[in-house]
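**Q** Protein chains in written order, with the numbering used here: chain A, 26 to 291; chain B, 1471 to 1831. Positions of the beta carbon are idealized from the N, C-alpha and C atoms, including for glycine.
1) Just grab the DSSP bridge partners of residue 198(A) for me.
2) Which residues does DSSP list as the beta-bridge partners of residue 242(A)?
3) Got a sec: is the Cβ-Cβ distance from residue 1795(B) to anything in chain A below 9 Å?
4) Say whether chain B places a C-beta atom closer than 9 Å to the C-beta of residue 117(A).
5) Specify whether the stretch 72-87 of chain A and the stretch 249-269 of chain A touch according to this definition: at least 3 beta carbon pairs, one from each stretch, less than 8 Å apart.
6) So, do the stretch 1809-1818 of chain B and the stretch 1695-1711 of chain B have three or more beta carbon pairs nearer to each other than 8 Å?
7) Which bits of chain A does residue 1706(B) rub up against, with CB to CB less than 9 Å?
8) Is there a C-beta anywhere in chain B that falls below 9 Å from the one on residue 182(A)?
9) Residues of chain B with CB under 9 Å from residue 192(A), in chain order?
10) Does DSSP put residue 44(A) in a helix, in a strand, or in coil?
11) Whose C-alpha, out of 1482(B), 1556(B), 1794(B) and 1752(B), is nearest the C-alpha of residue 1691(B)?
12) Beta-carbon separation of residue 76(A) and residue 216(A) under 9 Å?
13) Below 8 Å on the Cβ atoms is my guess for residue 1636(B) versus residue 1660(B); work out the distance and round it to an integer in Å.
14) Alpha carbon to alpha carbon, what distance is there between residue 1667(B) and residue 1768(B)?
15) Output, in sequence order along the chain, the residues in the stretch 1523-1542 of chain B whose CB is closer than 8 Å to any CB in chain A.
16) Have a look at residue 1810(B) and residue 1680(B) and give me their C-alpha separation to the nearest angstrom.
17) Would you report the Cα separation of residue 1702(B) and residue 1648(B), rounded to the nearest angstrom?
18) DSSP three-state call for residue 1787(B): helix, strand or coil?
19) For my contact list, residue 73(A) and residue 120(A) are in at a C-beta cut-off of 8 Å; report their separation, rounded to the angstrom.
20) Under 6 Å Cβ to Cβ from residue 1613(B), same chain only, skipping five residues before and after it: list those, please.
21) Return the CA-CA distance between residue 242(A) and residue 218(A), expressed in angstroms with no decimal places.
22) Taking 9 Å as the CB-CB cut-off, is residue 1792(B) touching chain A?
23) If you count every other CB in all the chains shown that lies within 10 Å of the CB of residue 1617(B), and 16 or more means buried, which is it?
24) For the alpha helix (DSSP H) containing residue 1732(B), name the first residue and the last one.
25) Please state the DSSP three-state secondary structure of residue 164(A).
26) Keeping to the same chain, check which residues put their C-beta closer than 8 Å to that of residue 1564(B); ignore five residues upstream and five downstream.
27) Under a three-way DSSP split, which group does residue 1481(B) fall into?
28) Using the Cβ count rule (16 or more neighbours within 10 Å means buried), how would you classify residue 297(A)?
29) From the DSSP output, which residues share a beta bridge with residue 32(A)?
30) With DSSP collapsed to three states, give me the class of residue 1550(B).
31) Which residue marks the beginning of the beta strand (DSSP E) containing residue 1508(B), and which one marks its end?
32) Have a look at residue 1729(B) and residue 71(A) and give me their C-alpha separation to the nearest angstrom.
33) Looking only at its chain, what residues have a beta carbon closer than 6 Å to the beta carbon of residue 1512(B), apart from the 5 residues adjacent to it on each side?
34) Three or more C-beta pairs closer than 8 Å, one from the stretch 1593-1601 of chain B and one from the stretch 1621-1641 of chain B: is that the case here?
35) I'd like to know if the stretch 1483-1502 of chain B and the stretch 1516-1528 of chain B are in contact, where contact means that at least 3 CB-CB pairs between them fall below 8 Å.
36) If I measure Cβ to Cβ from residue 55(A) and keep anything under 6 Å in the same chain, skipping five residues before and after, which residues do I get?
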């Protein structure tokens, strides 16, 4: 198979629930090919973050198959899981930097796990990764001394530090002003251009999704409603997708509500 | 349909806000039967004002009609799931909603799950202390030393102070009782044995559980709720090996040292009171202490301390890793960690004392 067309992330018939009867994710099929940026988009509470947690193996699916880099994620034993995860990077919504360590030590952490790397090389890698995401002179700062946007950038730098083959993002631009968000989008595209890393991004930020994605997956109420290139999603006529994408107000009124107004308001 | 004039209630202000809505509510409540609410005067509205209208709809149903509502207000109401809100039950009283039995049932499953985690973690601790060094697995010694400093060295002043006071209290009480039999010199035996075998391990364990067991639970729980533990997992760093094992090792190693120290300080406290307060001869007290205490006593005390340390550490780690919810969850596991540690320590102590008693140690 052509290497570029090889699926790096491949999900088939995935189902997931948090122990109760309610399915959070139902019958999910999706794939991301090498070097592709796939965005999972949908309203809050639709199961996006859960899907991402299943993809990186932080949650185990109830059914279906999740293969990342050719590995069945649900079947990994602890040792294989640790090795597998070093080929995968994840950016958490709020950075998830270890608050007791400096930013520099946060980035150095996964590097120091590899005993072959001398400390001065670690320090060079850390500084260059921070510079790559536009952060300078923050190595000695504690995460709490950074702004929200800087934390996200530092989180991205930490995810990049091991040169992952796949990068997962949870809401990379949420809570950022439009200029910072656009800057982060550029950084993501820049990283992809240089490293051809496959990326799966979860977001509800429409401009960001349409800027960075090769393909967009629209997830509503735990089910995929549409998959396609940004243009195809814009042209999609599924009412739920249209409502979300065109940012219409949340579903007006059940018919009963309309009836109350017609009946009791002159 | 024409409404009788006396069934009309008009809004008294330009703005339908909560105040205005409450006034309307009172007036409508005072009129039984069909009522028309005239909103013509209201040129603007607030969310709470609109909500109060929905409340009227809930209360009076078809008896109430509205006239003169602005298009804006109607559009706002249309965009709400109005029929659902009208038909919905009250919210209940929030957090403490769960029925008692469901809570107890959920609690049972959580207890079983937590117990399994506790045992698995205990086995892992054994692996890291006994097997891992022989398999060339890197133990994070630097982190263990840092934790020993926090858990052990920093606790010395408080442990010493409490131990000294315990010695004083024991000496005063036992001397008071023994004096009646002219056996005051046995104060030394009582203080020595009671401290090394029972009191020093238990009191130190209680202090360490309060100081460090709670801190371990809170720290790990906080890291969990802020995704830090997941971040470690995703980086391929085993959070148990990275976070928990150093703390567990440190607390398990620090406890026996603290207990030996607290036994010695306690004996010194008793000694000071007996010699300077109760005027027992210095050499008699010293001789009695030496005669009563055996290395075995200190060893038994230390063995207990080792187990207590592991129990406190495992409790803190288990609860910290199993935290649910945000800040409330962190608070809850911290409290639970301390209380559970106390119970486990006392249970283990009872078990030890029983075994030692039956073995004649």
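**A** Reading off the structure:
1) Taking the first residue of the first chain as position 1, residue 198(A) is located at position 173. None, per the DSSP bridge assignment.
2) Here the question's residue 242(A) lines up with position 217 in the first chain. Residue 242(A) is bridged to 65(A) and 252(A).
3) Numbered from its first residue, the second chain carries residue 1795(B) at position 325. Residue 1795(B) does not count as touching chain A.
4) Position 92 of the first chain, counted from the first residue, corresponds to residue 117(A). So, interface residue.
5) Contact check between the stretch 72-87 of chain A and the stretch 249-269 of chain A: fewer than three CB pairs, one atom from each, fall below 8 Å, which does not count as touching.
6) no
7) As a first step, residue 1706(B) is located in the second chain; it is residue number 236 there, counting from the start. Near residue 1706(B) (Cβ distances below 9 Å), the residues of chain A are 106, 107, 108, 109, 110, 111, 112, 113, 135, 138 and 187.
8) For the purposes of this step, residue 182(A) is identified with residue 157 of the first chain, where counting begins at 1. False, the Cβ-Cβ gap to chain B never drops below 9 Å.
9) Against the first chain, residue 192(A) aligns to sequence position 167. Near residue 192(A) there are no residues of chain B at all, since even the closest Cβ is about 11 Å away, more than 9 Å.
10) Translated into the one-based positions of the first chain, residue 44(A) becomes position 19. The answer is coil: DSSP assigns residue 44(A) none of H, G, I, E or B.
11) Numbered from 1 along the second chain, position 221 holds the residue referred to as residue 1691(B). Closest by alpha carbon: 1794(B).
12) The residue you call residue 76(A) lines up with position 51 of the first chain. The residue you call residue 216(A) lines up with position 191 of the first chain. Cβ distance not < 9 Å, so residue 76(A) and residue 216(A) don't count as in contact.
13) On the second chain, residue 1636(B) is found 166 positions in, with the first residue counted as 1. On the second chain, residue 1660(B) is found 190 positions in, with the first residue counted as 1. Actually they do not touch by this definition, with Cβ atoms about 12 Å apart.
14) The residue labelled residue 1768(B) in the question sits at position 298 within the second chain. The residue labelled residue 1667(B) in the question sits at position 197 within the second chain. One C-alpha to the other measures close to 7 Å.
15) 1527, 1532, 1534, 1535, 1536, 1537, 1538 and 1539
16) Walking along the second chain from the start, residue 1810(B) turns up at place 340. Walking along the second chain from the start, residue 1680(B) turns up at place 210. Answer to the nearest angstrom: the Cα atoms are 11 Å apart.
17) Taking the second chain and counting its residues from 1, one reaches residue 1702(B) at position 232. Taking the second chain and counting its residues from 1, one reaches residue 1648(B) at position 178. In a straight line, the C-alpha of residue 1702(B) is about 60 Å away from that of residue 1648(B).
18) Position 317 of the second chain, counting from 1, holds the residue named residue 1787(B). Residue state, collapsed to three classes: helix.
19) Your numbering for residue 73(A) matches position 48 in the first chain. Your numbering for residue 120(A) matches position 95 in the first chain. Taking C-beta atoms under 8 Å as the contact rule, residue 73(A) and residue 120(A) fail to qualify, at a distance of about 18 Å.
20) Reading the second chain from its first residue, position 143 is the one you call residue 1613(B). Cβ neighbours of residue 1613(B) beyond the five flanking positions: 1716.
21) Here residue 242(A) refers to the residue found at position 217 when the first chain is read from its first residue. Here residue 218(A) refers to the residue found at position 193 when the first chain is read from its first residue. Spanning the two alpha carbons is a distance of roughly 21 Å.
22) As a first step, residue 1792(B) must be located in the second chain, where it is residue number 322. For residue 1792(B), the answer is no, since every Cβ of chain A falls outside 9 Å of its Cβ.
23) Taking the first residue of the second chain as position 1, residue 1617(B) is located at position 147. Buried.
24) Walking along the second chain from the start, residue 1732(B) turns up at place 262. Residues 1715-1742.
25) By 1-based counting over the first chain, the position of residue 164(A) is 139. DSSP places residue 164(A) in coil when its eight states are reduced to three.
26) Walking along the second chain from the start, residue 1564(B) turns up at place 94. Per-residue confidence for residue 1564(B) stands at a pLDDT of 48, beneath the threshold of 50, marking its modelled position as unreliable; the derived number appears in the next sentence. Closer than 8 Å at Cβ, skipping near neighbours: no residue.
27) Reading the second chain from its first residue, position 11 is the one you call residue 1481(B). Coil, per DSSP.
28) Outside the modelled stretch of chain A, which goes from 26 to 291, sits residue 297(A), for which no answer is possible.
29) Locating residue 32(A) in the first chain gives position 7, where the first residue counts as 1. Residue 32(A) pairs with 58(A).
30) Here residue 1550(B) refers to the residue found at position 80 when the second chain is read from its first residue. Residue 1550(B) carries a coil assignment under DSSP once its states are collapsed to helix, strand and coil.
31) In the second chain, residue 1508(B) corresponds to position 38, counting from 1. 1505-1508 is the extent of the beta strand (DSSP E) around residue 1508(B).
32) Looking up residue 1729(B) in the second chain gives position 259. Looking up residue 71(A) in the first chain gives position 46. Cα to Cα, residue 1729(B) sits roughly 54 Å from residue 71(A).
33) Stepping through the second chain from its first residue, residue 1512(B) is reached at position 42. Closer than 6 Å at the Cβ level, and outside the excluded window around residue 1512(B), lie 1481 and 1486.
34) no
35) yes
36) To locate residue 55(A), count along the first chain from 1; it is residue 30. Around residue 55(A): 36 and 242.
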